[in-house]
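Heads up: the structure comes next, in structure tokens.
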Amino acid sequence: MRMDPHLLRTFVAVLDHRSFSRAAAALGYTQSAVSQHIAALEADLGTRLVERRPVAPTPAGERLMEHAPALLLRLDAARADLGRLRQSRTERLALACSPAALTPAVAQALTELRAAAPSLFLEVRVLGREPVIEDVLTGRAGLGLVDGVAAPSDPLPLPDVGPATVLVAAEQPLAVLFPHGHPLAGRRTVRLTDLTQAQWIDAADTAVPLDRLRALCRTDGFRPRVSHRGTDLYGLAALAAAGLGLTALPLSLAATLPGLTAVPVEEPRLVHRTELVHVTRPTAVARQLAGLLVAEATGGARVT
Numbered sequence: 001m002r003m004d005p006h007l008l009r010t011f012v013a014v015l016d017h018r019s020f021s022r023a024a025a026a027l028g029y030t031q032s033a034v035s036q037h038i039a040a041l042e043a044d045l046g047t048r049l050v051e052r053r054p055v056a057p058t059p060a061g062e063r064l065m066e067h068a069p070a071l072l073l074r075l076d077a078a079r080a081d082l083g084r085l086r087q088s089r090t091e092r093l094a095l096a097c098s099p100a101a102l103t104p105a106v107a108q109a110l111t112e113l114r115a116a117a118p119s120l121f122l123e124v125r126v127l128g129r130e131p132v133i134e135d136v137l138t139g140r141a142g143l144g145l146v147d148g149v150a151a152p153s154d155p156l157p158l159p160d161v162g163p164a165t166v167l168v169a170a171e172q173p174l175a176v177l178f179p180h181g182h183p184l185a186g187r188r189t190v191r192l193t194d195l196t197q198a199q200w201i202d203a204a205d206t207a208v209p210l211d212r213l214r215a216l217c218r219t220d221g222f223r224p225r226v227s228h229r230g231t232d233l234y235g236l237a238a239l240a241a242a243g244l245g246l247t248a249l250p251l252s253l254a255a256t257l258p259g260l261t262a263v264p265v266e267e268p269r270l271v272h273r274t275e276l277v278h279v280t281r282p283t284a285v286a287r288q289l290a291g292l293l294v295a296e297a298t299g300g301a302r303v304t
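Residue numbers for the sequence shown follow UniProt numbering, so the first one is 1 and each next one is one higher.
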């Protein structure tokens, strides 16, 4: 059983798109080539993986889909890791951030890095949380910053990051955003458990994901009224300010968004954390930026 990664990528594309023709367009193959790839993979594994009409996974295909994305990501990570060995010098650094992780403190660290390395070209990419980690593991970014909510001193529930290092880059209070004039906007603090039946905005890549709030508060509440897709914080703020639903963000960031009042969360005891992800052997400039970011979070104790 060889499990050719090219065939595995085609298999994932077919089930992601639920179509042989759309998978072919996405991969740059002909439809007949996609069909041949699926047939070859099924022959290799000795079982049918994809139902053709309509396109859907068989029970064996469902089981393989539980493994395939992680396997492909690890292969890409290995390729990127070997590619870094060929780099004799680094004049470029890409930083991938989830939206709420890109803070003034991060901008200040980038300023200090540029001052130390004036010829360095910086690229800052704002992405959803999982794409940030994928960019780091596959070498598209030298460092990643991912935000989320956890109990004090607990790590974020990140997906498998493989051969990578995770460090705390920031920790601050969590706040709920209310439009001006909302009955709860004048409170000093709020309890999330009092808001489980409120209307919320589902903004999984930008604000605190609602499924995370459900898990932390052990409830099936926090039902969305509006779905926000993408990484535009100010677009999310406009929806919340118009009264279309509540959302939760770190207090320092929430306080800067127009038309909204940020009220800190009192219960349960939660913090908004930002964690830094880099490969186990980062480039010198990536290691330097990591040191600046962690120093900010730890009050001066830098990593080397």
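Heads up, the beta-carbon is just placed ideally off N, CA and C, and yes, glycines get one too. The model shown is predicted, which means the values in this text are computed figures rather than measured ones.
The alpha helix (DSSP H) spanning residue i covers which residue range?
i, result
"D44", "31 to 45"
"T10", "5 to 17"
"S252", "251 to 254"
"E130", "129 to 137"
Which value, in whole angstroms, describes the spacing of the CA atoms of residue i and residue j?
i, j, result
"L216", "E134", "25 Å"
"L167", "A262", "27 Å"
"L8", "H37", "8 Å"
"R191", "T165", "34 Å"
"T304", "G291", "The predicted model places T304 with a pLDDT of 36, which falls under 50 and marks its position as unreliable, so this point remains unresolved."
"L276", "G144", "6 Å"
"H17", "R114", "42 Å"
"P54", "A23", "14 Å"
"R223", "R48", "38 Å"
"L296", "A169", "Looking at the sequence provided, one finds Glu at residue 296 rather than Leu. Computed Cα separation, rounded: 7 Å."
"S35", "A25", "13 Å"
"A101", "T274", "6 Å"
"S153", "D202", "26 Å"
"Q197", "R218", "13 Å"
"P264", "A248", "9 Å"
What span of residues does the beta strand (DSSP E) with residue i cover, start to end?
i, result
"G144", "143 to 150"
"D232", "Segment: none, D232 is in no beta strand (DSSP E) and carries neither H nor E."
"T111", "Run containing T111: none in the beta strand (DSSP E); it sits in the alpha helix (DSSP H), 104 to 116."
"R225", "224 to 227"
"A164", "164 to 179"
"A262", "260 to 267"
"R214", "Premise fails: R214 lies in the alpha helix (DSSP H), 210 to 217, not in any beta strand (DSSP E)."
Going by the beta-carbon positions, is the gap between residue i and residue j smaller than 7 Å?
i, j, result
"L233", "P99", "yes"
"L177", "L239", "no"
"R225", "G245", "yes"
"E51", "T58", "yes"
"S21", "Q31", "yes"
"V12", "A96", "no"
What is the C-beta distance between residue i and residue j, in whole angstroms, given that I count them as a contact (C-beta under 8 Å)?
i, j, result
"G142", "P258", "At roughly 33 Å, the Cβ-Cβ gap does not stay under 8 Å, so G142 and P258 are not in contact."
Taking contact to mean at least 3 C-beta pairs separated by less than 8 Å, is the segment 179 to 195 in contact with the segment 284 to 291?
-> no
Would you check if there are 3 or more beta carbon pairs closer than 8 Å linking the segment 117 to 131 to the segment 57 to 67?
-> Under the three-pair Cβ rule at 8 Å, the segment 117 to 131 does not count as touching the segment 57 to 67.
Between the segment 102 to 119 and the segment 69 to 77, do three or more beta carbon pairs fall short of 8 Å?
-> no
How do the segment 167 to 176 and the segment 267 to 279 stand: do at least 3 beta-carbon pairs fall below 8 Å, yes or no?
-> yes
Counting pairs of beta carbons, one from the segment 228 to 244 and one from the segment 137 to 153, are three or more of them closer than 8 Å?
-> no
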